[in-house]
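In the working numbering, the protein residues as written are 56 to 306. For reference, the structure is listed below as structure tokens.
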Amino acid sequence: MTTPLIETRALCRNFGALAAARDIDFRLEAGARHALIGPNGAGKTTFVNLLTGVVQPTSGSILMKGRDITGVVQAERVKLGIARTFQINRLFRRLSVLENVCIAVAERVGAAPSMFRPAGMRRDVVEESMHLLDSLKLTADATHRISELPYGRQRLVELAIALGLKPEVLLLDEPAAGVPSAESHIILDAIDGLPRNIGVLIIDHDMDLVFRFAERITVMVSGAVFATGSPGEIGADAAVRAVYLGRAGHG
Ligand SMILES: Nc1ncnc2c1ncn2[C@@H]1O[C@H](COP(=O)(O)OP(=O)(O)OP(=O)(O)O)[C@@H](O)[C@H]1O
Ligand SMILES: [Mg+2]
């Protein structure tokens, strides 16, 4: 077997008496299209928070391409190539779409504006950012403030920012949450069009999206991995259907 992009070994996280992550052994392969599903409160976001370093594990370890990154802080993990979108969006609302993406790209290439470069962003940063906006069909919105955009487009900008970090691992926590159904196709198309070299882990309650996108699905229940398999295996798993899919109404 090849070394996975991300691997967790017996990963645990307690919040007081609550075990939000229990002994999670998980593998995200290079270039994966992997979905993480499970009922509300199952621990999906906590797991992403553990992978990104937002939350520290109580025990267990996290490896990236075989290297133990359990003790690596959040900002360093971003530099190693782990990017995410948040369940609730975090954008600079008064800045333009282009400015928001430029900030991410500049951060990555070490070209953040400074007192030595008061005029603004480097040309290569702006060009790369415009190219990214173009790939997500956001060019027409480049000069618009985030606060002027419909919510679905704001979420697309989040995706542009995550991609601006040139990640190897992209963690999408409910990327279409709160997006009106009339706009959600924009998000879904963008996800479908993500570069194939990026390993993607997506969390979503929309089973049509999950079963269309994922090549592998992990089901979490009460902080633990309940099942992992291909969409066919997960869809046909009677126990999974009983705990989750039945309620979520897939199939
Ligand atoms: N910082 C925290 N402090 C205390 N408890 C927390 C914290 N973060 C999460 N929890 C608890 O951990 C459990 C797992 O929460 P988590 O948000 O990871 O679930 P989830 O699977 O993402 O749910 P949802 O589908 O609703 O987004 C929940 O019981 C939640 O209340
Ligand atoms: Mg969540």
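Think of the CB as a built atom: it goes at the ideal place given N, C-alpha and C, for glycine as much as any other residue.
Just curious, the beta strand (DSSP E) that residue i is in, first and last residue?
| i | result |
| --- | --- |
| residue 114 | 114-119 |
| residue 78 | 73-83 |
| residue 275 | 271-276 |
| residue 180 | It is not in any beta strand (DSSP E) - residue 180 instead sits in the alpha helix (DSSP H) that spans 178-190. |
| residue 62 | 61-70 |
| residue 27 | This structure leaves residue 27 out entirely; the chain is present only between 56 and 306. |
| residue 148 | Taken as a continuous stretch (DSSP letters only), residue 148 belongs to no beta strand (DSSP E), as it is neither H nor E. |
| residue 291 | That residue, residue 291, is in no beta strand (DSSP E); it is neither H nor E in DSSP. |
| residue 139 | 137-140 |
Can you list, in chain order, the residues of its chain with a C-beta nearer than 7 angstroms to that of residue i? Leave out the 5 residues immediately preceding and following it.
| i | result |
| --- | --- |
| residue 59 | 82, 83 and 84 |
| residue 157 | 176, 180, 181 and 184 |
| residue 234 | 206, 207, 210 and 242 |
| residue 306 | Low confidence applies here, because residue 306 scores a pLDDT of 43, under 50, leaving its location unreliable; read the following figure in that light. Excluding residues within five positions, the ones whose Cβ falls inside 7 angstroms are 290 and 300. |
| residue 191 | 211, 214, 215 and 245 |
Ignore the nearest five residues each way along the sequence and tell me which others in residue i's own chain have a CB closer than 6 angstroms to its CB.
| i | result |
| --- | --- |
| residue 292 | 282 |
| residue 124 | 117 |
| residue 304 | Bear in mind that the predicted position of residue 304 carries a pLDDT of just 48, short of 50, making it unreliable; the figure below should be weighed with that in mind. Contacts found: none. |
| residue 166 | 177 and 180 |
| residue 26 | The question about residue 26 has no answer, for the chain in this structure spans 56 to 306. |
| residue 278 | 74, 75, 76, 77 and 98 |
Where do the N-terminal and C-terminal ends of the alpha helix (DSSP H) with residue i fall, by residue?
| i | result |
| --- | --- |
| residue 218 | 206-219 |
| residue 163 | 152-164 |
| residue 125 | Where residue 125 is concerned, there is no enclosing alpha helix (DSSP H), given that its DSSP letter is neither H nor E. |
| residue 103 | 99-107 |
| residue 251 | It is not in any alpha helix (DSSP H) - residue 251 carries neither H nor E in the DSSP assignment. |
Please go through the same chain and pick out, in chain order, the residues whose beta-carbon is closer than 8 angstroms to the beta-carbon of residue i, but skip the five residues on each side of it.
| i | result |
| --- | --- |
| residue 295 | 274, 281, 282 and 289 |
| residue 161 | 167, 168, 176, 177 and 180 |
| residue 87 | 60, 254, 255, 256, 270 and 271 |
| residue 146 | 155, 201, 209, 212, 213 and 216 |
Got a list of residues with beta-carbon closer than 6 angstroms to any non-hydrogen atom of ligand 1, in chain order?
-> Having a Cβ closer than 6 angstroms to some heavy atom of ligand 1 are 70, 73, 75, 93, 95, 96, 97, 98, 99, 100 and 101.
Take every Cβ of the region 224-233, pair it with every Cβ of the region 87-103, and state whether three or more of those distances are shorter than 8 angstroms.
-> Verdict: yes, contact present.
With a cut-off of 8 angstroms, do at least 3 Cβ pairs link the region 179-186 to the region 230-244?
-> Contact annotation: the region 179-186 does not touch the region 230-244, with fewer than three C-beta pairs closer than 8 angstroms.
Just checking, does the region 104-121 make contact with the region 142-153 on the three C-beta pairs under 8 angstroms criterion?
-> With a cut-off of 8 angstroms, the region 142-153 and the region 104-121 do not count as touching, because too few Cβ pairs lie within range.
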